[in-house]
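For what it's worth, our numbering labels the leading residue of the sequence shown as 9, then goes sequentially. Yeah, the Cβ is synthetic: ideal placement off N, Cα and C, and Gly gets one too. Computed from a predicted model, the values in this text were never measured in an experiment. Presented below is the structure to which this report refers.
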Amino acid sequence: MESGRATLLKEQQLKDQFDNLEKHTQSGIEFVERYSKFVKERSDIEISYAKQIRNLSKKYQPKKNSREEEENKYTSCRAFLSTLNELNDYAGQHEVIAENLTSQIITELSRYLTELKAERKSHFHDGRKAQQQIESLWKQLESSKRRFERDCKEADRAQQYFERMDADINVTKADVEKARQQAQMRHQIAADSKTEYSNYLTKFNQEQNEHYYTLIPNIFQKLQEMEERRIERVGVSMKTYAEVDREVLPIVGKCLDGMTKAAESIEPKTDSKQVVESYKSGFEPPGDVEFEDYGPGQTMKRTVSETSLSNSRGEAKERPGGGKSKGKLWPFIKNKNKGSGPEDFSHLPPEQRRKKLQAKIDDINKDIQKEMDQKDALTKMKGVYEKNPQMGDPASVDPRLVEMAMNIEKLQSEVQKFEGWLAEVEGRLPSRSDPPRRQSGLYESQNSNSTMVDNNCAQDRESSPDGSYTEEQSSETQVKVAIANTPEFDDEFDDGDEETLPTIGTCKAVYSFEGHNEGTISVTEGELLFVIEQDKGDGWTRVRRNVEEEGYVPTSYVEVFLETNTKGAMTYI
């Protein structure tokens, strides 16, 4: 009985160990799944990060046919463009990290988890089967033992009954014989039960020995090996996780080196020279202002320096009806139809005009060279056809040759036309040996319009209610004369006798503004305009571009320069 209880206790302990191992191995599988999920989320982060980096690089790439694309001639802009390109390659390396994490870790762990779960299930199935087998043998042994015990008791009772019958003189011989036979039969059954019990016991002991010393240790060993392989696979995955990052470090380093090299390639002096070359006008500096003495009974002329900003750039042009045509105070007011200037670029300053003409000539010469190359190729083809008529008809090439000759002739005439304009511009530009005089590009010599200024001043005095002459009227008159005498004027615009508000200063647009609402005016960043009405506290300033264009702009979008009453001096605010 003690041996039986020990066996049952051992079986229970073994069952508990299986439960513990089952929980531990399940926890190990969950750990692998959690690590795989961690790597998956890291991969998703890398993909998202790479996408955001690519979008950022694309967002700041210069747009085609835009001002940003034109600015790529500066080393700082080219360096920024190189940085954006390197950043795009940098994003690609993060995509490589995500791809390698997926292929080398996530996919492999997913496949391994499937195999691990199947192997674990098989081992625990074998363990349960062995437990069920030994428990079944134990039940058979217990059953045979109880049967042997019962048969022995039945044999003892039958023997006692026979002995009582045999001792009783009142019982017939037949009853005694029957009791004797019953006792013998019971003893035989008990003997058979004993033999059966002995056989089951021997078998159980053999099976139990094999169970505890062979089957279960083998299953535990397989589970241990499985667990060690799982831990080793996790370690390999963690190492791969680090190696995936390490593999891209050289390329990432090259990207960063490229950014550093781009930053080191920035040349401030080169960029500043580019700005000078881009906006150099070619005008001469203004001359000295002559001294005018004041005498009783005479009025001092409101003279200005030659080519100064308050002088007109050319003679005032009169309309057939006697009205003056209004011009623009170029270059401080931008052309409304930018890019639609005359073919000879006469709306540009001399130096800029020369560059545009030269660039146009170079483009046409390239087209001529291209046409000539094509013509030479067709001429050679025609020669081949003439030598080998089976390859083609020589006459089929003639129309194309004629067309090319006409194109070349047309392009050559274009070159001559632009070269003539270029020669005219170069003849007007000051030589390097001339004294450094800078023309403003807005006005020319005072001598060309001094008479007109005096006439206008006289007209202003006559139109004044008290016949007096004020500085503000003189300043406004000179601006009007300047507008009238500017060559880049629009003949189709004429305000006639329309009353216009006087200018009280100028302003420069700090930001671009789209004036969609009624009463507003659109301005572009850097544009210079006339101020005709100050901000009255509502956040809007009224400005004028030319005689036909005026409106309100946000005060915070412009930098205002108001005139004072001291001879037109400018106050910067």
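Check                                                                                                   : Outcome
For Y565, the residue or residues it bridges with in DSSP                                               : The partner list for Y565 (beta bridge, DSSP) is empty, contrary to what the question assumes.
Residues that DSSP places opposite C617 in a beta bridge                                                : What the structure shows of the chain is the stretch from 9 to 581, and residue 617 is not part of that stretch, so it cannot be assessed.
Collapsed DSSP secondary structure at V284 in the structure displayed                                   : helix
Simplified DSSP state of N396, which is helix, strand or coil                                           : coil
Meets three-Cβ-pair contact criterion under 8 Å: the region 185-193 and the region 142-159              : no
Proximity winner among C515, K388, Q69, I372, relative to S90 (alpha-carbon distances)                  : Q69
Reference Q214, options G435, W146, G534, G400, closest by Cα                                           : W146
Those residues which DSSP pairs with E103 across a bridge                                               : Beta-bridge pairing links E103 to no other residue.
Selection from R128, S144, D200 that minimises the alpha carbon distance to A163                        : D200
C-alpha distance - S273 paired with F88, whole-angstrom precision                                       : 10 Å
Proximity below 9 Å, CB of L509 to CB of E557                                                           : no
Per-residue DSSP class, three states only, for E557                                                     : strand
Within 9 Å, strictly: CB atoms of L419 and M267                                                         : no
Whether R194 touches R165 by CB criterion (9 Å)                                                         : yes
Alpha-carbon to alpha-carbon, K72 and E79                                                               : 11 Å
Same chain, Cβ closer than 7 Å to W429, neighbours up to 5 away in sequence not counted                 : D352, L365
Inter-residue Cα distance where the pair is L537 and G523                                               : 15 Å
As assigned by DSSP and simplified to three states, the class of V179                                   : coil
Residues near L92 by beta carbon distance below 8 Å, same chain, minus five either side                 : S65, Y68, Q69
DSSP state of V184 mapped onto helix, strand, coil                                                      : helix
Contact belief for E235 with T33 at Cβ below 8 Å, rounded distance in angstroms                         : 6 Å
Min CB distance T387 to chain D below 9 Å                                                               : Any reference to chain D falls outside this structure, which holds one protein chain only.
9 Å Cβ cutoff met for L109 and I37                                                                      : no
Supposed close pair V518, Y565 - CB separation, criterion 8 Å                                           : 6 Å
Per-residue DSSP class, three states only, for V410                                                     : helix
Candidates D296, L29, Q101, of which the one nearest K230 by Cα                                         : L29
Cβ distance (whole Å) where L121 is taken to contact V252 below 8 Å                                     : Actually they do not touch by this definition, with Cβ atoms about 20 Å apart.
Backbone secondary structure at T528 - three-state DSSP                                                 : strand
Run of the alpha helix (DSSP H) containing D253, from where it starts to where it stops                 : 224-272
Nearest residue (CA-CA) to V284, options E359, Q140, F132                                               : E359
Inter-residue Cα distance where the pair is S354 and E417                                               : 25 Å
Classification of A324 by the beta-carbon crowding that lies within 10 angstroms, buried from 16 upward : Below a pLDDT of 50, predicted positions are generally treated as unreliable, and A324, at 38, falls in that range; no measurement from the model is reported.
Whole-Å CB distance - I114 paired with V47, under 8 Å assumed                                           : 6 Å
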